[in-house]
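Taken in order, these protein sequences are the chains called A and B. When we follow our numbering, the leftmost residue of the first sequence carries the number 1, and every step to the right adds one. When we follow our numbering, the leftmost residue of the second sequence carries the number 1, and every step to the right adds one. Every residue gets a Cβ at the ideal spot worked out from N, C-alpha and C, and that includes glycine.
There are 2 protein chains.
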Amino acid sequence: MDERGPSSRPDEDGVSLGRTVRIQDVAKLADVSTATVSRALASPERVSPEARARVLEAIAKTGYVPNPAARSLRSQKTYMVLVVLPDLSNTFFSKILRGIEERLFEAGYGMIISDLDGSPEKEAHFAAFTAAGRVDGAILLNGHLFGQSRDGEGMPMKTGIPLVALCEAIPSADIPQIEIDNRAAASRMTQHLASLGHRSIAYVSGPPNNILERERFLGYREGLEASGLRFDPALVLPGDYTIASGIMAGQNLAALATCPTAVFCTSDEMAIGLMRTLLSEGLRVPEDISVAGFDDIEFAAVAEPALTTIRQPRRELGQAAAAVLIDLLQGRPSPKRIRLETELVVRDSVAPPQNREKAPAKSIRTIAMKPT
Amino acid sequence: MDERGPSSRPDEDGVSLGRTVRIQDVAKLADVSTATVSRALASPERVSPEARARVLEAIAKTGYVPNPAARSLRSQKTYMVLVVLPDLSNTFFSKILRGIEERLFEAGYGMIISDLDGSPEKEAHFAAFTAAGRVDGAILLNGHLFGQSRDGEGMPMKTGIPLVALCEAIPSADIPQIEIDNRAAASRMTQHLASLGHRSIAYVSGPPNNILERERFLGYREGLEASGLRFDPALVLPGDYTIASGIMAGQNLAALATCPTAVFCTSDEMAIGLMRTLLSEGLRVPEDISVAGFDDIEFAAVAEPALTTIRQPRRELGQAAAAVLIDLLQGRPSPKRIRLETELVVRDSVAPPQNREKAPAKSIRTIAMKPT
DNA sequence: AGTTCTGATGTAATCGTTTACATGGCCGCA
DNA sequence: TGCGGCCATGTAAACGATTACATCAGAACT
Chain A
1 MDERGPSSRP DEDGVSLGRT VRIQDVAKLA DVSTATVSRA LASPERVSPE
51 ARARVLEAIA KTGYVPNPAA RSLRSQKTYM VLVVLPDLSN TFFSKILRGI
101 EERLFEAGYG MIISDLDGSP EKEAHFAAFT AAGRVDGAIL LNGHLFGQSR
151 DGEGMPMKTG IPLVALCEAI PSADIPQIEI DNRAAASRMT QHLASLGHRS
201 IAYVSGPPNN ILERERFLGY REGLEASGLR FDPALVLPGD YTIASGIMAG
251 QNLAALATCP TAVFCTSDEM AIGLMRTLLS EGLRVPEDIS VAGFDDIEFA
301 AVAEPALTTI RQPRRELGQA AAAVLIDLLQ GRPSPKRIRL ETELVVRDSV
351 APPQNREKAP AKSIRTIAMK PT
Chain B
1 MDERGPSSRP DEDGVSLGRT VRIQDVAKLA DVSTATVSRA LASPERVSPE
51 ARARVLEAIA KTGYVPNPAA RSLRSQKTYM VLVVLPDLSN TFFSKILRGI
101 EERLFEAGYG MIISDLDGSP EKEAHFAAFT AAGRVDGAIL LNGHLFGQSR
151 DGEGMPMKTG IPLVALCEAI PSADIPQIEI DNRAAASRMT QHLASLGHRS
201 IAYVSGPPNN ILERERFLGY REGLEASGLR FDPALVLPGD YTIASGIMAG
251 QNLAALATCP TAVFCTSDEM AIGLMRTLLS EGLRVPEDIS VAGFDDIEFA
301 AVAEPALTTI RQPRRELGQA AAAVLIDLLQ GRPSPKRIRL ETELVVRDSV
351 APPQNREKAP AKSIRTIAMK PT
């Protein structure tokens with residue numbers, strides 16, 4: 001019945017606390033009412049300096065820590081935030097998470113993580129989770145609202161708590177969006193490739209129906225157009241942002257009738273997987289084919305060759321989302337949309353195209369001398 | 001005062017709920033007492049089938065979700081678990097996290113994450129967190145107990161809640177440990193290198209005072225000894241498991257008077273960073289120098305060359321830790337220590353040493369033909 | 001038939017806060 | 001001096017569940 005019995009000896013400072021320290025104990029010791037103790041903590045300016053000092057002293061003496069359950073029960077606030085994401089083990093998200101955690105921590109909020117893992121069952125569970133009032137707000141990285149019933153796509157979740165969409169905008173929902181301009185970034189990369197002389201630029205896509213993917217694909221086409229290149233559907237290879245899909249795309253690419261001189265992968269994972277395949281197929285990057293990525297994950301800089309990519313400020317994205325949510329939670333006005341800057345990071349995996357049909361692989365080295 | 005006002009229209013199923021559905025509402029609808037409703041949920045066998053059916057129906061009709069704060073206040077259980085880790089953005093941890101989350105979810109527990117980020121301030125905060133009873137238990141990935149006061153190393157945290165140490169054993173604490181045999185694994189890799197003919201094997205360490213590091217270092221020395229090789233302190237390069245430290249170690253390595261023929265890096269991140277540096281220094285892997293890693297992260301297989309490493313079953317480690325903690329929380333007996341198997345994954349970054357002093361780099365290719 | 005036990009249910013106390021409302025003292029203004 | 005207002009504080013009613021204890025009906029045994 002009472003498992004904590006044996007360990008309930010006097011704790012630190014010689015103050016023996018029979019059990020848990022309650023606000024009453026503090027009140028008694030400070031010779032004030034519980035209301036004053038509560039106020040001294042929540043809104044110090046509403047308590048006289050002397051009373052406050054006594055309360056603080058009593059708290060220090062007893063080691064009092066407010067009981068969150070009781071606090072939450074009464075005040076309807078949990079100081080907890082739910083973060084929903086599709087895949088916790090993905091490098092891309094974990095860096096963002098860190099940004100989120102930082103800000104939340106500063107503001108005194110805890111972070112509960114839900115790895116959706118593609119399971120609708122989990123979605124339902126976490127919809128209930130929010131409904132039960134276990135969290136004050138949520139940050140959604142999964143690109144859609146969960147708990148959407150019959151109405152399918154169109155029906156936003158009515159949780160009644162503040163929500164923020166991070167990275168993947170949620171079109172039908174009227175909630176703040178924190179994101180980058182995926183379209184502009186993709187367009188820029190495409191134009192970068194084109195400006196180096198590439199005329200045949202393949203594209204490795206993200207998962208279908210993904211908002212990110214739609215935007216990036218639009219950017220790709222825009223970039224082609226802006227560079228006066230024709231869009232060729234045959235050069236669009238399916239992917240899903242994973243290393244494995246990059247490897248697959250590499251195989252598909254190598255099997256293409258006329259191999260393009262450049263590939264734009266919409267994630268670094270795919271780019272790295274793809275380079276790997278290309279390399280083992282005997283193609284060299286960037287001499288035979290240029291490869292570009294997206295995200296600038298840690299490994300992009302140490303890939304071989306180092307990956308040219310688009311940097312997303314992941315930590316900052318997380319921080320911004322958390323900041324907006326906190327504003328919302330605390331009733332402050334907050335921007336409806338934040339777009340953070342991306343950056344084109346030029347490394348070694350992209351180079352001007354070289355005429356590889358004319359010579360066997362070995363002699364290419366001489367051609368490579370050309371640039372000055 | 002009441003922000004939810006405007007959105008409080010009838011919800012689903014046409015059942016209009018003025019505000020939140022309470023257990024009383026369910027009780028009234030099912031024509032039983034609140035106690036029966038509570039029991040129907042917590043211990044169905046203690047309620048008659050008819051009553052249970054009525055309760056369940058009423059719950060379905062009203063969409064009742066128990067209020068966690070109230071439940072927690074009364075029952076002293078939160079159904080929340082704290083996971084403490086040193087760096088959330090690290091690939092290695094995030095895969096483990098996923099394993100943890102899976103198991104916790106199945107058992108109905110939520111996961112709160114604390115990214116320690118090397119900040120003692122945060123440790124204090126989370127010590128208070130557990131003390132306040134916000135979680136029922138914790139999984140520690142950080143290798144020590146927080147909240148250790150004056151006594152320094154030796155004083156285990158007295159939180160009064162079940163704890164489990166994952167990966168990094170906590171020597172002074174009497175809590176279950178889930179881990180791999182780091183020492184045996186490191187020894188095995190060292191012997192693997194030696195068995196290929198390497199006589200001079202460098203070691204890139206983890207952070208000092210880290211338990212993992214200590215074990216792996218012991219394994220390294222053991223492996224050397226078992227292979228009849230002498231330990232040379234000059235071949236131990238400092239690292240901290242990060243890519244950056246691997247890059248640094250690569251520079252130090254290249255600067256060494258007599259370059260070893262093999263390097264054992266105690267993390268894949270370091271191995272990949274190190275290979276990168278080596279490559280740009282003009283050394284080839286594995287022809288000039290073999291590189292081995294530890295962990296088998298996703299990128300190990302697609303590194304160039306593909307990394308020979310030790311596979312840690314990360315997801316399983318997370319699952320096992322969660323399972324043990326759940327046992328503990330539910331009063332079941334649980335193992336005091338679980339050691340999961342590692343696996344030596346042989347890829348391309350390790351090869352027998354080749355005599356590189358006799359010939360200039362170019363002609364090495366002929367030597368490389370040797371293997372049949 | 002009387003007693004005891006068991007199983008299903010209800011009643012109401014309890015968990016530890018926050019906070020609406022009441023109180024009382026003090027200041028300043030007329 | 002009297003009165004409105006403000007400030008600091010106290011009192012006590014929530015918040016919404018769990019659960020110890022009481023109750024009661026019926027079964028089973030002597």
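Chain-ordered, the chain A residues with CB closer than 8 Å to the CB of residue 132(B) read 65, 66, 67, 68.
In terms of Cα proximity to residue 298(A), the closest of 289(A), 308(A), 291(A) is 308(A). Distance from the CA of residue 32(B) to the CA of residue 179(B), rounded to the nearest whole angstrom, comes to 50 Å. Close CB contacts of residue 192(A) within its chain, under the 7 Å cut and outside five residues either way in sequence, are with 344 (chain order). Taken atom to atom, the span from the alpha-carbon of residue 162(A) to that of residue 176(A) is near 9 Å. Counting along the chain, residue 204(A) sits inside the beta strand (DSSP E) bounded by residues 201 to 204. Boundaries of the beta strand (DSSP E) harbouring residue 263(A): 262 to 265, taken from the DSSP string. When C-beta atoms of the region 43 to 58 of chain A are compared with those of the region 97 to 116 of chain A, fewer than three pairs fall below 8 Å, so the two segments do not count as touching. Taking 8 Å as the CB threshold, residue 311(B) stays off the interface with chain A. Scanning 91(B), 83(B), 98(B) for the CA closest to the CA of residue 114(B) turns up 83(B). Residue 85(A) counts as buried, since at least 16 other C-beta atoms from the protein chains shown sit within 10 angstroms of its C-beta.
Residues of the same chain with a CB within less than 8 Å of the CB of residue 135(B), apart from the 5 flanking positions on each side, are 78, 80, 81, 82, 112, 129, 161 in chain order. Straight-line measurement puts the Cα of residue 214(A) at about 18 Å from the Cα of residue 201(A). CA-CA distance, residue 280(B) to residue 342(A), rounds to 28 Å. Bridge partners of residue 115(A) according to DSSP: 85(A). Under a criterion of Cβ atoms nearer than 7 Å, the residues of chain B adjacent to residue 110(A) are, in order, 112.
In this chain, the beta strand (DSSP E) harbouring residue 309(A) covers 309 to 311. At least 8 Å separates the CB of residue 294(B) from every CB of chain A.
Between residue 26(B) and residue 55(B), the CB-CB gap stays under 8 Å. With a beta-carbon spacing of about 6 Å, residue 274(B) and residue 291(B) fall inside the 8 Å limit used to define contacts. Excluding sequence positions up to five before and after residue 76(A), its CB lies within less than 8 Å of the CB of 133, all in the same chain and listed in chain order. Around the beta carbon of residue 312(B), a 10 Å sphere encloses 16 or more other beta carbons of the protein chains shown; the residue is thus reported as buried. Chain B places no beta carbon closer than 8 Å to that of residue 28(A), leaving this residue out of the contacts. Its chain contains 277, 278, 281, 283 as the residues whose beta carbon lies nearer than 8 Å to that of residue 254(B), once the 5 sequence neighbours on both sides are disregarded; these appear in chain order. Membership of residue 164(A) in the beta strand (DSSP E) is indicated by the continuous run 163 to 166. In the displayed model, residue 354(A) falls within coil according to three-state DSSP, outside both helix and strand. Residue 115(B) belongs to the set of residues whose beta carbon lies under 8 Å from a beta carbon in chain A. CA-CA distance, residue 37(A) to residue 323(A), rounds to 29 Å.
For residue 291(B), no alpha helix (DSSP H) run applies; the uninterrupted beta strand (DSSP E) run containing it begins and ends at 290 to 292, by DSSP.
The alpha-carbon separation between residue 98(A) and residue 256(B) amounts to approximately 37 Å.
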